[in-house]
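For the sequence shown, the positions run 206 to 364 when our numbering is used.
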Amino acid sequence: MAKVKLSEKKLAELKEVCKFFNNEKGELINVLHRAQGIFGYLPAELQEVIAKELNISVAQVYGVVTFYSFFTMTPKGEHPISICLGTACYVRGSEKVLEEVKRTLKIQVGDTTPDGKFSLSCLRCVGACGLAPVMMVGDKVYGRVAPDGVKDIIAEYNN
206 MAKVKLSEKK LAELKEVCKF FNNEKGELIN VLHRAQGIFG YLPAELQEVI AKELNISVAQ
266 VYGVVTFYSF FTMTPKGEHP ISICLGTACY VRGSEKVLEE VKRTLKIQVG DTTPDGKFSL
326 SCLRCVGACG LAPVMMVGDK VYGRVAPDGV KDIIAEYNN
């Protein structure tokens, strides 16, 4: 796998974040949250920098990154799409919504479109069960989504 080239400007910002948290290993999750906010994801090269700054092993950083579903090691699209597959959503047809998103964007779960605009993931519960099935684009929640409504939702972000 090719090494990711990290921006010097963003790396400097990350080192400031580590300093803000006094380079404390107990602040790893906070540092990772901020790092993902700066870079959009947490590639191995970035995890190595964080490990060095907090004086912990890369294995510890990797363990936290892979344990929490919020963290991602692959770049997300400009507009990350999440389909809820929790019980209420699933019973009301979210798998058909998921299939339509995959068909429309020509990607699979975990992938990003070639233009970097959209990425697709699934989650277990959004907490909006009364609106099932639910689809999210970024932080915006779309409720009672039908497969034939997917194209219109995606079109809102396709300009």
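Even for Gly, the Cβ is constructed at its ideal location relative to N, Cα and C.
- Annotated three-state conformation of residue 345 is strand, per DSSP.
- Within the region 245-308, complete beta strand (DSSP E) segments of at least 3 residues are found at 284-289, given in chain order.
- For residue 328, the three-state secondary structure derived from DSSP is strand.
- Around the Cβ of residue 252, a 10 Å sphere holds 16 or more other Cβ atoms; the residue is buried.
- DSSP places residue 361 in no alpha helix (DSSP H); its state is neither H nor E.
- Between the C-alpha atoms of residue 341 and residue 287 there is a straight-line separation of about 5 Å.
- A distance below 7 Å between beta-carbons, with the five flanking residues on each side excluded, links residue 219 to the following residues of its chain, in chain order: 240, 243 and 254.
- For residue 223, the uninterrupted alpha helix (DSSP H) segment begins and ends at 213-225.
- Across the structure, residue 263 and residue 274 are spaced so that their CA atoms are roughly 18 Å apart.
- With fewer than 16 other Cβ atoms inside 10 Å of its own Cβ, residue 209 counts as exposed.
- The count of Cβ pairs closer than 8 Å, one atom from the region 284-301 and one from the region 322-332, reaches three, so the stretches are in contact.
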